[in-house]
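So the sequence shown is numbered by numbering that gives the first Met the number 0: it starts at 0 and just counts up by one. All C-beta atoms in this analysis are idealised placements derived from N, C-alpha and C, irrespective of residue type, glycine included. The next block holds one structure in the form of structure tokens; read it before the comments.
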Amino acid sequence: MRLLLIRHAQTTANHEGRWQGHADYPLSPLGQRQARCLADELSSAFEEEGVTPGVIYSSPLGRAQATSAPLATAFSLPIKTLADLSEYHVGVFSTRTWAEMEAEHPEVARQFAAERDWNAVPEAETLQSRARRASAVVERLLANHQAGETVLCVTHGGFLQYLLSAVLGTQRVWGVRPHNTAIFEFELSPEGHAETRESAAGLSTYRCRILKFNDTGHLAGLTDTAAGQAD
0 MRLLLIRHAQ
10 TTANHEGRWQ
20 GHADYPLSPL
30 GQRQARCLAD
40 ELSSAFEEEG
50 VTPGVIYSSP
60 LGRAQATSAP
70 LATAFSLPIK
80 TLADLSEYHV
90 GVFSTRTWAE
100 MEAEHPEVAR
110 QFAAERDWNA
120 VPEAETLQSR
130 ARRASAVVER
140 LLANHQAGET
150 VLCVTHGGFL
160 QYLLSAVLGT
170 QRVWGVRPHN
180 TAIFEFELSP
190 EGHAETRESA
200 AGLSTYRCRI
210 LKFNDTGHLA
220 GLTDTAAGQA
230 D
């Protein structure tokens, strides 16, 4: 399976430095252009390769759906909504800038700045829940899609970090800041995903491959491509 994990385009909240989580904001004018550039890039690249994507999965949140729409048009595919691709709930951070958090929830802000512990943030999805949800998404994709299929998933910057850990099979979750409309592309299979360092196949660099990682080459020429404070 060829798997593309994609972060949504810039929203008005990203531009303002607001945490979103389950709160929904529209794409900014720049975000709308980013989404079109993403669709144009993938359409051209796949046409050149003679590849036709089989499915587009999207988080149900509006910013992911709006990013998926130009892809759906380009490939004449419906958008399949997958709830588990949603961003994690950021609790009391939702809709607030950092300055607003410090003013409205000073103790939570102080503790988070010191420890970066999401499990201590009221109403936020736990770290353990995020990791389980990401693993479930990857296992579902591997079970439902065969070798040779190309699968697009439009999701969110925060949750993408957990998806990357699940795809790569890392022992810990690595922090990375996915850019708006960034593409993370992999080749993997159920057999390859199950392999470990204990076997020669698990040590092979040909069984599972990273093709793109946080790639935003399609945004060349656009301005203000910052990832935003939070997704």
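Query                                                                                                                                                                                   : Result
Quick one: which unbroken beta strand (DSSP E) runs of 3-plus residues sit fully inside the region 35-83? Chain order, please.                                                          : 54-57, 78-80
Give me, in chain order, the residues of the same chain whose beta-carbon lies closer than 7 Å to that of Gln64; leave out the 5 immediate sequence neighbours on both sides.           : Ser57, Ile78
Quick check on the DSSP output: the beta strand (DSSP E) that includes Glu186 runs from which residue to which?                                                                         : 182-186
Which value, in whole angstroms, describes the spacing of the CA atoms of Glu114 and Phe185?                                                                                            : 33 Å
Using beta-carbon positions only, say whether Tyr161 and Arg139 come within less than 8 Å of one another.                                                                               : no
Are the CB atoms of His14 and His88 within a distance shorter than 8 Å?                                                                                                                 : no
Rounded to a whole number of angstroms, what is the C-alpha to C-alpha distance between Met0 and Thr51?                                                                                 : 13 Å
Among the residues of its own chain, which have a CB less than 6 Å from the CB of Leu210, if the five just before and after it don't count?                                             : Glu184
Which of helix, strand or coil does DSSP assign to Ala225?                                                                                                                              : Residue placement at Ala225 is poorly supported in this model, since its pLDDT is 45, which falls under 50; the coordinates still yield a value, given next. Residue state, collapsed to three classes: coil.
What is the residue span of the alpha helix (DSSP H) that Thr11 lies within?                                                                                                            : 11-15
Would you list, in sequence order, the uninterrupted alpha helix (DSSP H) runs of no fewer than 4 residues that lie entirely inside the region 99-146?                                  : 105-114, 126-143
Does the distance from the C-beta atom of Ala181 to that of Asn213 stay below 8 Å?                                                                                                      : yes
Might you give, ordered along the chain, the residues of its own chain that have their beta carbon closer than 6 Å to the beta carbon of Ala225, omitting 5 neighbours on each side?    : Reliability fails at Ala225, whose pLDDT of 45 lies under 50, so the model's placement of it is uncertain and the value that follows must be treated cautiously. Correct list: empty, nothing qualifies.
Give every residue of the same chain whose Cβ lies closer than 8 Å to the Cβ of Asp116, excluding the five residues on either side of it in the sequence, and list them in chain order. : Gln110
Does DSSP put Val91 in a helix, in a strand, or in coil?                                                                                                                                : helix
Could you check what DSSP says for Val150 in three-state terms: helix, strand or coil?                                                                                                  : strand
Relative to the C-alpha of Thr154, which candidate in Glu47, Ser67, Leu41, Pro189 has its C-alpha closest?                                                                              : Ser67
From this set, Asn179, Ser134, Glu106, Ala200, which residue's C-alpha is nearest Gly168's C-alpha?                                                                                     : Ser134
Please determine, among Ala82, Gly90, His104, the residue with the shortest C-alpha to C-alpha distance to Glu122.                                                                      : Gly90
Can you give me the C-alpha to C-alpha distance between Arg171 and Pro28, rounded to a whole angstrom?                                                                                  : 36 Å
Taking the C-alpha atoms as reference points, what is the distance between Ala82 and Glu148?                                                                                            : 22 Å
Can you name, in chain order, every residue of its own chain whose Cβ lies under 7 Å from the Cβ of Glu194, other than the five neighbours on each side?                                : Ala200, Gly201, Arg206
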